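Take any residue in the sequence shown, count from 1 to its spot, add 138: that is its number in the working numbering. This report concerns only the one structure given below.
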Amino acid sequence: MKKIALFMAVAATILASCSDDDSTPTPTIEKAFFAGAWNETAPDANHRTLNFVGDSVTLAREDGLNFKDKYTLTGNSLNFGAAPNNNHIVQVIDSVTIKLSHIYIAAPNENGTPQTVTFKKVVAAPQD
């Protein structure tokens, strides 16, 4: 019985030390990371494009409805200025892929449901 109790105590200690509550710092995202064009890959490939130039961002839709405004970055929150429903949480997947929360699929004056949208950075092909 003592062996079982000892095993349970050791197992509990190991599990407690492997908790998800470690204090691993979240990487800081810099504005320079966003510079350039990003194409939507999901849920609707190429439906939207983001183009970051300086402190401005243009959200272009395939239906021709475009928004251009200043943007700010605070932590992992991206704010598109005066664009409707403009606060988006950024999740960096890798150096060329991001997910933005709270993107509306419908035009801003229509009722729509916000979604998380994946964008891939447009990377120029190497020149020969």
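Don't be surprised by glycine CBs; every beta carbon is placed ideally from N, CA and C. The structure displayed is predicted, hence computed values, not measured ones.
State the CB to CB distance for the pair residue i and residue j, rounded to an integer number of angstroms; the pair is presumed to be in contact (CB under 8 Å).
i    : j    : result
F218 : V195 : 6 Å
I236 : V228 : 6 Å
K197 : F205 : According to the sequence as given, residue 197 is Leu; it is not Lys. Yes, they are in contact, since the Cβ atoms of L197 and F205 sit about 5 Å apart, within 8 Å.
Tell me which residues share the same chain as residue i and place their Cβ nearer than 7 Å to its Cβ, disregarding the 5 neighbours each side in the sequence.
i    : result
S233 : none
I167 : L211, N214, V228 and V230
T162 : With a pLDDT of 49 at T162, under the threshold of 50, the modelled position of this residue cannot be trusted; read the value that follows with caution. Around T162: no qualifying Cβ.
K208 : D193, S194 and G219
Note down, in chain order, each residue of its chain lying with its Cβ closer than 6 Å to the Cβ of residue i, except the 5 sequence neighbours on either side.
i    : result
H185 : E178 and E200
T256 : T179, A180 and K237
P252 : H240 and Y242
K169 : L211
Quick one: using the 10 Å Cβ neighbour count with 16 as the cut-off for buried, is residue i buried or exposed?
i    : result
V191 : exposed
F145 : Caution is warranted here: a pLDDT of 42 is assigned to F145, below 50, making its placement in the model unreliable, and no coordinate value can be reported.
Exercise for the section: Assess, as a yes-or-no matter, whether the stretch 176-186 is touched by the stretch 255-265 under the definition of 3 or more beta carbon pairs within less than 8 Å. Expected result: The stretch 255-265 makes contact with the stretch 176-186; the number of CB pairs closer than 8 Å reaches 3 or more.
Handout entry: Within the stretch 197-265, ranges of the beta strand (DSSP E) (whole runs, at least 3 residues)
Key = As summarised for the stretch 197-265, the continuous beta strand (DSSP E) elements at least 3 residues long and confined to that stretch are 204-208, 210-212, 215-217, 225-232, 235-242 and 252-259, given in chain order.
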